Structures are given as C-alpha cells and as structure tokens.
Amino acid sequence: MPEYQDVIIAGFGGQGVMIIGNLLAQAGLEQGFEVSFIPVYGAEMRGGTANCTVVLDTRPIGSPIVREPLSTIVLNEPSLTKFQPCLDKKGVQIVNASLIDKSLVSREVNSVYIPANDIAHRLGNVRLASMVALGAWLQATDALPLKAVQEALNRVVSAHYAKLIPVNSSALEAGWNFA
Amino acid sequence: MSETDRVLIKGNEAVAFGAVDAGCRCYFGYPITPQNEVPELLSSLIPENGGAFVQAESEVGAINMLLGAGACGVAAMTSSSSCGISLMQEGISYMAGSHIPGVIINMSRGGPGLGDIGPSQGDYFQAVKGGGHGDHRNLVLAPSLAQECYDFMFRAFALAFAWQNPVMILGDAIVAQIKEPVRRVPPAGAHKPKDMSDLARDWRIEGFGGRGQNAVPRLLKSVYLAEGALAERNRLLLQKYTDMRREALFDSEYTDDAELVVVAFGSIARIARSAVRRLRDEGRKVGLFRPVSLYPFPEEALRLCATGRRFLVIEQNTGQMVEDVRLALNGVSSVLWHGVMPGLFIGAGELIDPILQAVKEKS
Chain S
-10 MPEYQDVIIA GFGGQGVMII GNLLAQAGLE QGFEVSFIPV YGAEMRGGTA NCTVVLDTRP
50 IGSPIVREPL STIVLNEPSL TKFQPCLDKK GVQIVNASLI DKSLVSREVN SVYIPANDIA
110 HRLGNVRLAS MVALGAWLQA TDALPLKAVQ EALNRVVSAH YAKLIPVNSS ALEAGWNFA
Chain C
376 MSETDRVLIK GNEAVAFGAV DAGCRCYFGY PITPQNEVPE LLSSLIPENG GAFVQAESEV
436 GAINMLLGAG ACGVAAMTSS SSCGISLMQE GISYMAGSHI PGVIINMSRG GPGLGDIGPS
496 QGDYFQAVKG GGHGDHRNLV LAPSLAQECY DFMFRAFALA FAWQNPVMIL GDAIVAQIKE
556 PVRRVPPAGA HKPKDMSDLA RDWRIEGFGG RGQNAVPRLL KSVYLAEGAL AERNRLLLQK
616 YTDMRREALF DSEYTDDAEL VVVAFGSIAR IARSAVRRLR DEGRKVGLFR PVSLYPFPEE
676 ALRLCATGRR FLVIEQNTGQ MVEDVRLALN GVSSVLWHGV MPGLFIGAGE LIDPILQAVK
736 EKS
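Quick note, the sequences are listed as chains S and C, same order.
Residues in the first sequence are numbered from -10 upward in steps of one, following the working numbering.
Residues in the second sequence are numbered from 376 upward in steps of one, following the working numbering.
See the structure below:
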C-alpha cells in the first residue's frame, strides 16, 4: 500500500460521488491513515456537478486540496474534460465507460475504462455505479484492501439503508474484479 | 491507538460537539452556508443537554439573544458567515462595551457583498479590529483542522468568561466543510463547564439571586453619559485589551534555520505547510509561522524569530494580516506578501512559485 494517495471523485449530483468519497475516507481512517475528505458542490441541485477530494496519508495532512491528483474517478463527461488534463503524469484515472465516449480518453493517460453503469445495472441497480468505480480504483491504486472498504460500509450507510449493504459490497467487488 | 475513538466529521460538526462538551448551554442563530451543520447538529445536542436552541428571526435577533444569555452568565454562542456576521456587529460592540461574554463562529465566505460560498480570509480585519462601532476588540482564534474546531471551543468559552468579552472563531469554507478524524476528548488543561458559572457569580444578572433584599442591584450596560464616565470605561477596556496580550498563540515549523518564513493562518496555513515541507525536502531553507490567535496577534513570538530572516505573508484576501505582521516587525525584517484571491480553491502547488520568488528576492 502506498504511504500517500489522493483522489478526485467527480460526476453529476446524485451519482454517488460524496458517498464513495466518505466511504473511502472512513475506510482509510479505520486502516490507521490520516484522512481528509472535502466536498465541492456546484449549484446545490440534483443533476448539478459535484466533486470531492480524498487524501490518505501516513503523516499528518497539510493541504486537503489537490490540484494535480495522483488519481481520479470520473463518472461523467464534464468531469473527464475537467480533470483529465490535471492528472499527475504517473497518475491513473477510472473512467465510466457507460457515459463517457472513448474518443475523449487521452492515450497518454493511464486509464481504467470501465462500464460502471452497465455492471451496476446487471447487479440490479444503476445507482451502484459509483461503488463499481470505487472497486476498480482500489484494484488500480492498491490504496486500501477491498475488504476494509466493504467493512466500512457498515459505518457509512445509515441504518435505514442497511439492507443495501450486501449489494453495495458486491458492486465494489465487481469493480475490483473488472480492473 | 484505537481507531474507534477517531470519528470522521466535518469541521462544523466538530464545532458543535466541542461547544456542548465545553459547557455551552444556549445557541441562537440564523441559517447560512457554509456553516449550517453547526446549528443542524446543535438543534439536537443542546436540548439533549438541557439547554435552549433558538432559530432566531434574523442575525440581529440572534446576537441580541446572545447578549442576553451572556449577561445572565450563561455559556452561549451563535454562528454565521460573513454577511450574517456583519449584521451582528452592533450587538457585538454592545457586548464588548458591557463586558458580556459570548462565543461567535464565523465560517466565512467570499466577499465583499454577497460574494460566493467559497474559501476566503476577507473577514480578517473585521474580526481582529473589532468590526463594530466604537473601540472594541474580540479575542479571535483561527482553526485550520477539524480537530482544532473541536479543541478551540473549550478555549473560546474559557477566554470569553475569563475576560468577559466576545470571542470569535474565524474559519472558512474549507475548515467548515472538510471531514477529518476527530477525537472527541477535551484537550489537556481544558476548563470544566462549572468554572464558567463560578467566574460569572460576581457579575451576572440574576435578580437578587439569593443575595438578600439589601444586595446592590446589578447592571450591565454600555452607555456612559455622565462627565468623564465614558473615558473611564474606555480606560478600563484599554487595560483589558493590553492584559489580553498574554493569550497570544502561535505555531511554527522549521523556523530555526529558515532564511524565509512564510506567515499564514487558518486553512491557508495548512496548504502553505504542504508547500513549505515540499521545499524543505528540496533543501530550501524555508519555515512557517502560523498565528493561531489572530487577536491578540502573536507579535512578540514573531519578533523573536525575526533577526536575519525575511517574511512572506500568504493570505486569501487582498492584503490584511500583512499589516499586522509589518507592525509587529516594525522594519526589523522585510515583509513580502502574496495574495490568493477569495473564492479560489488552491493546492500547495500554487504556492511553490510565490515562495521561491520570495526566496530569490533580495531585501
């Protein structure tokens, strides 16, 4: 596992950007990392764009804001357009192939092109797409063990939605296996 | 260290937990982004702890409720953001003039005017120079981590009651909205909530409060019309503000052998810290000085590390704290300035060039 990792997660409001950011930060905390999660909303409306930044570090975190991320998870086209040019040269991006045309993905950039919505649909709920993408990110970055993130679902998902934990866990695994 | 005692919460939520753990009994406020998690969480925490939570009709209402609670010796607070804090200035001045304690949270937004909800340090002058009319000062603390949002609430209430004065926590959208691991444990040396009511025993408004029918009635006021009375009042306030200097707090890193010291506060200080560490790794002799209390300004500590060093003030406004740094150093060292415009989210990378530029610049 790397001593330092950061990621910008971006998509439409409602795609699950904030929930996977929270999940990742919580799992990092439980693995003993210093973590920070910072949300950036556009206009606060459903369908607006949203992104968040998560930093995992073995040392106390200075800047929680990252402008040249080591990794990104981009769930829609505007997010790819915005963040692909900023990605660190050694970085990796997880690209949602279900919503992003392959011609937009730069050949210079290390990318995992994953049909997250389609995989989520096969699992029974398209809203699991962000979990699928996070699973792929975990495989690609080796930042945290898959099990640790699955386990952290129990702290991040509210009691009201607890019955959805197993299917979210499967979605993480499906993304992990794809990448 | 067990991970179960670290909880992942926003700076705003840490403020709310810190407030109740430090003994806050009343909250008055009016909603505004980016501080809404403070009242959201306190609306359940305060009643659960036997206190009163009031969503006021406006910020003007809220600050006057805070004045009333403080006058009765009750540990109380309000929270808002920039334009809402402007609306409170009359009340804050009355509190200062009347020796009334209270804690005011400003999770500021970009300005002037309605601005935006992004990061900004544009309220520095308003916070540290009083902000309201007349000669008054607020004690001001500037957190840069979610953990400090929790810890500083203890200090804020202790200072408010020790000095019978408004205390302001000046944060921004970054420290308000960031989620970080926070330990919900009172910081070492924190006061007990009971200490505050003990401190208020001699002055709080409580009727005769069991002091007997012949007790002298108490009055807390800021109006002094008799000849010489206002001058006397201001002399007293001046003495208080002079004595407050001993509450100055700061934090520093790599200043011992630094040729250039970056001075920054709040969220920008942590971003600057990343830039300074990166440059240290490259062998550059740069350091960081972070005022933790903005009023009183840690001028003595800054002067002590001044000899032979140059300074670069980095702040997210058009040039405010740089004036206090120049006043503190009084020509002893040269002071450069780099402004980040309010509303921007910057990373450490954007501070590397300005710092290198300042390293090269001859004084």
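All C-beta atoms, glycine included, are put in the ideal place defined by N, C-alpha and C.
Source: prediction; values computed, not measured.
- Within the segment 549 to 564 of chain C, I549, Q552, I553, K554, E555, P556 place their CB atoms closer than 9 Å to a CB of chain S, listed in sequence order.
- Under DSSP, Q82(S) shares a beta bridge with T61(S), S100(S).
- Here E674(C) carries a helix assignment [DSSP, helix/strand/coil].
- Scanning Q4(S), V156(S), L153(S) for the CA closest to the CA of L88(S) turns up Q4(S).
- Shown here is that no member of the segment 485 to 507 of chain C has a Cβ falling below 7 Å from a Cβ of chain S.
- In the same chain as P409(C), and ignoring 5 residues on each side of it, the C-beta atoms closer than 6 Å to its own belong to M482, I492, A548, A551, Q552, in chain order.
- Straight-line measurement puts the Cα of D632(C) at about 30 Å from the Cα of V24(S).
- Counting the other CB atoms within 10 Å of its CB gives R111(S) a total below 16, which places it among the exposed residues.
- When Cβ pairs closer than 8 Å are counted between the two stretches, the segment 691 to 703 of chain C is seen not to touch the segment 563 to 572 of chain C, the count staying below three.
- Counting only residues of its own chain and dropping the five nearest sequence neighbours on each side, L13(S) has a CB closer than 6 Å to the CB of V43.
- Annotation for R48(S): no beta strand (DSSP E) segment contains it, and DSSP assigns it neither H nor E.
- Counted as a single uninterrupted DSSP element, the stretch harbouring Y402(C) is not any alpha helix (DSSP H) but the beta strand (DSSP E) occupying residues 401 to 404.
- With contacts defined by Cβ atoms closer than 7 Å, G393(C) and Y499(C) do not form a contacting pair.
- For the pair V478(C) and V55(S), the Cα-to-Cα distance works out to about 33 Å.
- When the Cα atoms are used, N513(C) and G17(S) turn out to be separated by approximately 39 Å.
- For S649(C), the closest Cβ of chain S is nearer than 7 Å.
- One thing to note: M619(C) has its Cβ within 7 Å of the Cβ of P671(C).
- Distances from the alpha-carbon of E412(C) to those of V638(C), L679(C), A471(C), K554(C) put K554(C) closest.
- For E725(C), no beta strand (DSSP E) encloses it; the enclosing alpha helix (DSSP H) starts and ends at 724 to 735.
- Contact residues of the segment 716 to 730 of chain C toward chain S are F720, I721, G722, A723, G724, E725 (C-beta to C-beta distance below 8 Å).
- The three-state reading of DSSP puts K660(C) in coil, since its state is none of H, G, I, E or B.
- Under the three-pair Cβ rule at 8 Å, the segment 595 to 608 of chain C does not count as touching the segment 428 to 438 of chain C.
- Chain C places a beta carbon closer than 7 Å to that of F26(S), counting this residue as a contact.
- For N481(C), the enclosing beta strand (DSSP E) begins and ends at 477 to 482.
- Close partners of I646(C) in chain S (Cβ separation under 9 Å): G51, S52, P53, I54.
- The Cβ atoms of L93(S) and M120(S) do not sit closer than 7 Å to each other.
- With fewer than 16 neighbouring CB atoms inside 10 Å of its own CB, T617(C) falls in the exposed class.
- Note on geometry: alpha-carbon atoms of G488(C) and C458(C) lie some 7 Å from one another.
- According to the DSSP assignment, V542(C) belongs to the beta strand (DSSP E) that extends over 541 to 546.
- Secondary-structure assignment with DSSP links D77(S) through no beta bridge to anything.
- Within the DSSP bridge table, the entry for H713(C) names I689(C) as partners.
- About 23 Å separates the beta carbons of A639(C) and M528(C), which is beyond the 8 Å limit, so they are not a contact pair.
- For L135(S), the enclosing alpha helix (DSSP H) stretches over residues 135 to 145.
- Against chain C, the CB of Q15(S) has a partner CB under 7 Å away; the residue lies at that interface.
- Note on geometry: alpha-carbon atoms of Y(-7)(S) and D626(C) lie some 25 Å from one another.
- Only those residues of the segment -9 to 6 of chain S whose C-beta falls short of 9 Å from the nearest C-beta of chain C would be listed, and there are none.
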